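According to this note's numbering, the sequence shown holds residues 353 to 793 in order. The C-beta atom is built at its ideal place from N, Cα and C for all residues, glycine as well. In this text the structure is predicted, and so the values were computed from the model without any measurement.
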Amino acid sequence: MSSPTTEKHQVESDQHAISNDSDFKAKDIDVEEVSELSREMRPPPDGGWRAWLVVFGAFCSFLATQGYGYSWGVFYRYYNENVYPDHMTELSWIGSLWYWFCTITGPIYIWMASKWDDRYVIGVSCILCTLAMIFAAETHAIWQLYLTQGVMSGIGTSFAWYASLHGPSEWFDKRRGLAVGITMSASGVGGLILSNVATACFETIGYRWALRVLGFFQFAGLGIAALTCFRLNPPRKNVPFIDISDLKNKEFLILLTIHFIGNFAFYMPSGFVPSYASYMGLNPWISANMSAIMSAFMFVGKISVGFISDYVGRFNMAVFCALMACVAHLAVWMTATTEGSMWAFAILYGIFGGGYIAMITAVVAQVVGVENVDSGLGWAFFMWSWGGLAAQPAASAIVDRGDEPDYRGAIIYAGVLFFAGACASWWLRVRRGGWKILKKV
353 MSSPTTEKHQ VESDQHAISN DSDFKAKDID VEEVSELSRE MRPPPDGGWR AWLVVFGAFC
413 SFLATQGYGY SWGVFYRYYN ENVYPDHMTE LSWIGSLWYW FCTITGPIYI WMASKWDDRY
473 VIGVSCILCT LAMIFAAETH AIWQLYLTQG VMSGIGTSFA WYASLHGPSE WFDKRRGLAV
533 GITMSASGVG GLILSNVATA CFETIGYRWA LRVLGFFQFA GLGIAALTCF RLNPPRKNVP
593 FIDISDLKNK EFLILLTIHF IGNFAFYMPS GFVPSYASYM GLNPWISANM SAIMSAFMFV
653 GKISVGFISD YVGRFNMAVF CALMACVAHL AVWMTATTEG SMWAFAILYG IFGGGYIAMI
713 TAVVAQVVGV ENVDSGLGWA FFMWSWGGLA AQPAASAIVD RGDEPDYRGA IIYAGVLFFA
773 GACASWWLRV RRGGWKILKK V
């Protein structure tokens, strides 16, 4: 038999346990919050068939969507010369709307990712982009092209942009520069293919069928991406509609400034090199092939710069590429008077302009951390989008301001902005790694 003292201690112990249990319930722990805290994050495998399959899917996505962006200048030139003559500034808004909307969903991407798998988001993109080009083929006014080839296609591209770009940054660490470079090089390959396909269509079956062919091409590329862009880790849950936590990071704010400046210059060559070549009196096939060659060397530049950056530092390569893009504008394009000098610019800008965007994308994960790469990429390319909206109309206004086209003023405008981007990239590089020039940062 137990003593009265033992029974008293047992009763007090039971009461204490009940009290603790009540306190626990009173805290009303959120089960989903506990699940979120215990979520295991697998480290990037940096290789394997599944990781490279994700890169392949992302490549196909960029091939289909950004390839159109890099070939837009061919459509722009054809519209201005044959469909809606002498409406350069009005037509430039088609491309500007697309460039703006193609990254506009950035701030809400992390919220979308918490609700739907990336492959479903890319599937929606596949439908929107295909229908946009089919509808554009039936238009009869510039404002209708704004809605189809500009807005609808841009929104569809935006869904694919983040869902595709997320994978290579998540599945790779030491080789992230290479993986992101391969993914983004697809835009150059797409531009190379679509510039020539569109020009061939213009001269044979007409621009309306060129748009339809583009739609079918996007359906195929995005369809592959929708099947292969797997996530490495489950997305965060209970995220706000717009996550502003990354904006407390001062280095990230500098990176946002770099992205904001960058797109005011980046797409200017792809939009204006074909029309400038026509202004010089070059054959239309040559102007189309200049866009194609520039796109091809962007393919080379993004992969090679990405590969080199894994050894010498991604921040270092961002600064170098921005400076070389500035030199290509102010020392080569601005002084170009022959076909050969234009080829030289197309090659130089393809390598270093393409390398620049690959680098300022690859460093996002380093600045915010892999666990925050979704929101980081979203905010970075949201800032990028504003240049897409305003850059080409601004450049068009500069070109059209006199009796004769003032391409020189537009070239200076883009070159100076690349120099500003180089300065901001150097500032971020110094904050990350100090003043030693040869240090890998």
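Do you know offhand how far Y420's Cα is from L566's?
As a position in the sequence shown, residue 420 is number 68, starting the count at 1. As a position in the sequence shown, residue 566 is number 214, starting the count at 1. Cα-Cα distance, rounded: 8 Å.
Report the option in V532, S627, G692 and L605 whose CA atom is closest to the CA atom of D331.
The shown model of the chain, from 353 to 793, leaves out residue 331, and the question about it has no answer.
Ordered along the chain, which non-local residues of its own chain (more than five positions away) have a Cβ less than 7 Å from that of R564?
As a first step, residue 564 is located in the sequence shown; it is residue number 212 there, counting from the start. The residues M485, I486 and A489, in chain order, have a CB closer than 7 Å to that of R564 in the same chain once the five nearest residues on each side in sequence are set aside.
So K602 is in the alpha helix (DSSP H); what residue range does that whole segment cover?
Here the question's residue 602 lines up with position 250 in the sequence shown. Segment K602 to F618, the alpha helix (DSSP H) holding K602.
Under 7 Å between the Cβ atoms of I474 and A577?
Along the sequence shown, read from residue 1 onward, the residue named residue 474 stands at position 122. Along the sequence shown, read from residue 1 onward, the residue named residue 577 stands at position 225. Yes, Cβ-Cβ distance for I474 and A577 is below 7 Å.
Please list, in chain order, all residues of the same chain as M669 whose beta carbon is under 7 Å from its beta carbon, the five residues on each side excluded.
By one-based count along the sequence shown, residue 669 stands at place 317. Correct list, in chain order: V657, I660, S661, G707 and M711.
If you compare alpha carbons, which of L780, R402, S737 and Y436 is closest to A531?
Here residue 531 refers to the residue found at position 179 of the sequence shown. Selection L780, R402, S737 and Y436 evaluated against A531 yields R402 as nearest (Cα-Cα).
Within 8 Å, do at least three Cβ pairs link the stretch 438-454 to the stretch 746-766?
yes
Exposed or buried, K379, counting other C-beta atoms within 10 Å across all chains shown (16 or more means buried)?
Within the sequence shown, residue 379 is the residue found at index 27, counting from 1. Residue placement at K379 cannot be trusted, given a pLDDT of 42 that sits under 50; what the coordinates show is reported in the next sentence. Result: exposed.
Tell me the rounded alpha-carbon separation between L574 and F511.
Counting from 1 along the sequence shown, the entry for residue 574 is found at position 222. Counting from 1 along the sequence shown, the entry for residue 511 is found at position 159. C-alpha separation (whole angstroms): 11 Å.
For V671 versus A774, is the C-beta distance shorter than 7 Å?
Walking along the sequence shown from the start, residue 671 turns up at place 319. Walking along the sequence shown from the start, residue 774 turns up at place 422. Yes.
In this structure, how does DSSP classify A746 when only helix, strand and coil are distinguished?
Counting from one through the sequence shown, the residue named residue 746 turns up at place 394. In this structure, A746 counts as helix in the three-state DSSP scheme.
Regarding A484 and the ligand NAD, is the C-beta to nearest heavy atom distance less than 6 Å?
In the structure on display, the ligand NAD does not appear, and there are no ligands present to speak of.
Could you have a look at I474 and say whether DSSP puts it in helix, strand or coil?
Taking the sequence shown and counting its residues from 1, the one referred to as residue 474 is at position 122. Secondary structure of I474 (DSSP, three-state): helix.
When the distance is taken between beta carbons, is I462 closer than 7 Å to D595?
In the sequence shown, residue 595 corresponds to position 243, counting from 1. In the sequence shown, residue 462 corresponds to position 110, counting from 1. Their beta carbons are under 7 Å apart, which means D595 touches I462 by this criterion.
Would you mind giving the Cβ-Cβ distance between A617 and L769, rounded to the nearest angstrom? I have them listed as a contact below 8 Å.
In the sequence shown, the residue the question calls residue 617 occupies position 265. In the sequence shown, the residue the question calls residue 769 occupies position 417. Between L769 and A617 the Cβ distance is about 4 Å, and since that is below 8 Å, they are a contact.
Among G540, G533, F704 and T690, which residue has its Cα nearest to the Cα of N635?
For the purposes of this step, residue 635 is taken as the residue at position 283 of the sequence shown. The residue with the shortest Cα to Cα distance from N635 is T690.
For R528 versus A714, is the C-beta distance shorter than 7 Å?
In the sequence shown, counting from the first residue as 1, residue 528 sits at position 176. In the sequence shown, counting from the first residue as 1, residue 714 sits at position 362. Cβ atoms of R528 and A714: closer than 7 Å.
Would a C-beta distance cut-off of 7 Å place V725 and S521 closer than the cut-off?
The residue given as residue 725 occupies position 373 in the sequence shown. The residue given as residue 521 occupies position 169 in the sequence shown. Cβ atoms of V725 and S521: closer than 7 Å.
By how many angstroms is the C-alpha of K792 removed from the C-alpha of Y663?
Position 311 of the sequence shown, counted from the first residue, corresponds to residue 663. Position 440 of the sequence shown, counted from the first residue, corresponds to residue 792. Straight-line measurement puts the Cα of K792 at about 8 Å from the Cα of Y663.
Quick check: W452 and G740, are their CB atoms within less than 7 Å of each other?
Residue 452 sits at position 100 when you count from the first residue of the sequence shown. Residue 740 sits at position 388 when you count from the first residue of the sequence shown. Contact flag set, yes.
May I ask you to report which of helix, strand or coil DSSP gives Y333?
Outside the shown range of the chain (353 to 793) lies residue 333, about which nothing can therefore be said.
Which stretch, first to last residue, makes up the alpha helix (DSSP H) that contains E691?
Taking the first residue of the sequence shown as position 1, residue 691 is located at position 339. Start and end: E691 to A714.
Are there three or more Cβ pairs, one per stretch, closer than 8 Å when the stretch 686-701 is compared with the stretch 631-650?
yes
Could I get the ranges of all uninterrupted alpha helix (DSSP H) runs contained in the stretch 468-532, with 4 residues as the minimum, in chain order?
470-488, 494-497 and 505-523
Once you ignore the five residues that flank A677 on each side, which residues in its own chain have a CB closer than 7 Å to its CB?
Stepping through the sequence shown from its first residue, residue 677 is reached at position 325. For A677, where only same-chain residues beyond five positions count, the Cβ hits under 7 Å are Y701, F704, G705, Y708 and F770.
Which stretch, first to last residue, makes up the alpha helix (DSSP H) that contains I789?
For the purposes of this step, residue 789 is identified with residue 437 of the sequence shown, where counting begins at 1. Taken as a continuous stretch (DSSP letters only), I789 belongs to no alpha helix (DSSP H), as it is neither H nor E.
Tell me, to the nearest whole angstrom, how far the beta carbon of M694 is from that of M642; I am working on the premise that it is less than 8 Å.
Taking the first residue of the sequence shown as 1, we reach residue 694 at position 342. Taking the first residue of the sequence shown as 1, we reach residue 642 at position 290. Cβ-Cβ separation between M694 and M642: approximately 6 Å, consistent with a contact (criterion under 8 Å).
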